[in-house]
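Residue numbers (my numbering): 479 to 838.
Yeah, the Cβ is synthetic: ideal placement off N, Cα and C, and Gly gets one too.
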Amino acid sequence: MNHPLYSCDDHLDLPNVPRDLWSSRLPSRLREIGPHVVEGKGQPMWMVDGRPMGVSGKMDPRVTALSRVPDLEDDGFRPSNPEQRLEDMDRDGIQASIVYGAGSLTGFPIKDPGVQREVLRAWNQWAAEEFNAYAPDRLSALPFLPTGSVDEAIEEFERCMQLGHKGAIINPFELELRDDSWHPLWAAVSAADVPISFHIGRGTRLSPMDVRERAPYSSVVPLQLDEPLALMIFMGALESYPTLKLVLAESGIGWLPYFVGRMDDQFEKHCVPYGDACIQTRPGEIFSRQIYATFEEEPHGTALIPLLGADNFMWACDYPHPDSTWPNSYEAIEESMGELGEETIRKVTADTCQRLYKLP
Numbered sequence: 479m480n481h482p483l484y485s486c487d488d489h490l491d492l493p494n495v496p497r498d499l500w501s502s503r504l505p506s507r508l509r510e511i512g513p514h515v516v517e518g519k520g521q522p523m524w525m526v527d528g529r530p531m532g533v534s535g536k537m538d539p540r541v542t543a544l545s546r547v548p549d550l551e552d553d554g555f556r557p558s559n560p561e562q563r564l565e566d567m568d569r570d571g572i573q574a575s576i577v578y579g580a581g582s583l584t585g586f587p588i589k590d591p592g593v594q595r596e597v598l599r600a601w602n603q604w605a606a607e608e609f610n611a612y613a614p615d616r617l618s619a620l621p622f623l624p625t626g627s628v629d630e631a632i633e634e635f636e637r638c639m640q641l642g643h644k645g646a647i648i649n650p651f652e653l654e655l656r657d658d659s660w661h662p663l664w665a666a667v668s669a670a671d672v673p674i675s676f677h678i679g680r681g682t683r684l685s686p687m688d689v690r691e692r693a694p695y696s697s698v699v700p701l702q703l704d705e706p707l708a709l710m711i712f713m714g715a716l717e718s719y720p721t722l723k724l725v726l727a728e729s730g731i732g733w734l735p736y737f738v739g740r741m742d743d744q745f746e747k748h749c750v751p752y753g754d755a756c757i758q759t760r761p762g763e764i765f766s767r768q769i770y771a772t773f774e775e776e777p778h779g780t781a782l783i784p785l786l787g788a789d790n791f792m793w794a795c796d797y798p799h800p801d802s803t804w805p806n807s808y809e810a811i812e813e814s815m816g817e818l819g820e821e822t823i824r825k826v827t828a829d830t831c832q833r834l835y836k837l838p
C-alpha cells in the first residue's frame, strides 16, 4: 500500500489554536464572555463565559500524539500552523485532512445563544481565511453552525459556503430532530451538495475533562450518535432529502451493522403496518445511500465492513489526539485492515473521502 491517505477526522483543539483567535474578531463587549486566555498557574488558560476550559499552548505529552516524535519543534500551536501541520501530514503520507475544530467534542459552555453564534462565526472566518486558505486542496477545517434557530443556521451555512468551506458541523444534541422543524436546513445543505457532520462528544453525563471519567467517556461516547442517526432516518429527514449526505464523525463502525439491522427490523414491525404515517424507505437503503461513518484503528469494526459494504466508511488519522495513528498510519492501516484487500483499503482510506469532499 503506497497511495496517499485522506483523513476524514482530524482535530484542532482549543489548547492549540491562536490565543487571539476570538479576542481579535469578537466585538469588544463579548471578549470576556467568548473564549479568551488568562494567566494561570504556570501556564496560560482558556476561559469561556467564566469557566476554565484548559490550557493554552503546550499540552501534557500523555494527551497528544506529537510527543511520539523526539525533538519535534512544538510550542503547542503546531496543529494550527498550516505550514507545520502540512509537514506533519507529509511525515505520515496524508494528502488531505478534514479537521474538526475547537469545540467539536464538548462545545463552548456559553449561555447566551447570540454570543454563541458570534463565537462560531469567528471560528468559521478564521478557519476559512487563516487555515484552509493556506492549502485549500489539503486542509479543510469545517465550520460550526449555530443551533439557536434554523434560520440562523441557514444564514451561517450560506455564509460559510461563500467562504469556500467544503461541509459543516452541527451539534445534533441541541436540535429537535423528532419533527420537521430543521428540514429547511437539510434542504439548504442538500442543495449545496456538501456533507453535514454530527461529531461525537455529547449525549453522555461523563466528561473527558475528569481524568477518572476519561476512559469510560471515551468508551461510550461513539455510541451516543445512535439516537440522532435513528431520528434522522425514521423522522424522515434523510428520506425527504435523498441527496443529503450525513457524516457520523468519530463514531467508529463496529456497532453499525447491528444497529442498521436493528433499524431494518423495527421498520418492518413499526413502520410498514402504518403505511404513509411512516417512512417508506428501508433504513438500510437510506444508510447505504446517504450515511458515512469515520473510524480509526478498529480491527473488530473493519472485519465487519463487508456486512454493509465499504462505500460508507472513511478512515481517520485523528491527529493530534492520543488515539491517533500518526506518525505511523500506513503501518496501523496494514495491521488493522490488511485482510480487506487493496481495493477496499484504498476506498476507505482515500477514494470515498476524496469524492465526498470534492478533493483533487
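C-alpha distance - residue i paired with residue j, whole-angstrom precision
i	j	result
residue 678	residue 495	20 Å
residue 685	residue 508	27 Å
residue 581	residue 751	42 Å
residue 637	residue 654	23 Å
residue 624	residue 687	23 Å
residue 706	residue 549	43 Å
residue 558	residue 525	19 Å
residue 778	residue 608	39 Å
residue 632	residue 766	26 Å
residue 821	residue 838	19 Å
residue 490	residue 484	17 Å
residue 576	residue 589	29 Å
residue 641	residue 604	10 Å
residue 836	residue 616	11 Å
residue 721	residue 668	6 Å
residue 661	residue 715	6 Å
residue 799	residue 551	17 Å
residue 723	residue 518	43 Å
residue 670	residue 520	47 Å
residue 602	residue 532	21 Å
residue 776	residue 725	18 Å
residue 570	residue 630	39 Å
residue 814	residue 780	7 Å
residue 566	residue 486	16 Å
residue 618	residue 753	42 Å
residue 606	residue 639	10 Å
residue 696	residue 659	31 Å
residue 560	residue 739	42 Å
residue 749	residue 719	19 Å
residue 690	residue 727	24 Å
Opposing strand residues paired with residue i [DSSP bridges]
i	result
residue 524	515
residue 766	Answer is none; residue 766 lacks a bridge partner.
residue 793	773
residue 888	A question about residue 888 goes unanswered here, because the residues of the chain that appear run from 479 up to 838.
residue 677	727
residue 823	The partner list for residue 823 (beta bridge, DSSP) is empty, contrary to what the question assumes.
residue 590	In the DSSP output, where bridge partners are listed per residue, residue 590 has none listed.
residue 484	574
residue 489	578
residue 529	526
residue 647	622, 675
residue 617	575
Expected contact under 8 Å - CB spacing of residue i and residue j to nearest Å
i	j	result
residue 613	residue 635	In fact, because the Cβ distance is near 23 Å, the residues do not count as touching under 8 Å.
residue 663	residue 643	In fact, because the Cβ distance is near 15 Å, the residues do not count as touching under 8 Å.
residue 523	residue 811	Between residue 811 and residue 523 the Cβ distance is about 37 Å, and since that is not below 8 Å, they are no contact.
residue 762	residue 789	The Cβ separation is near 13 Å, so there is no contact.
Residues near residue i by beta carbon distance below 6 Å, same chain, minus five either side
i	result
residue 512	500, 504, 597
residue 793	826, 827
residue 735	782, 785, 786
residue 830	792
residue 681	651, 702
Proximal residues to residue i (C-beta, below 8 Å), its chain only, five neighbours per side dropped
i	result
residue 717	711, 757, 758, 759, 764
residue 656	709, 713
Residues of its chain near residue i, where Cβ-Cβ distance is below 7 Å and the 5 sequence neighbours each way are ignored
i	result
residue 562	556
residue 514	500, 501, 525
residue 599	634
residue 593	508, 511, 512
residue 537	493, 554
residue 527	511, 587, 588, 589
residue 823	479, 811, 815
Evaluate the contact criterion for the region 662-678 versus the region 642-654: three or more CB pairs, one atom per stretch, below 8 Å.
yes
With contact counted as at least three CB pairs below 8 Å, one residue from each stretch, are the region 765-772 and the region 722-731 in contact?
yes
Below 8 Å, can you find three or more Cβ-Cβ pairs linking the region 535-546 to the region 802-820?
yes
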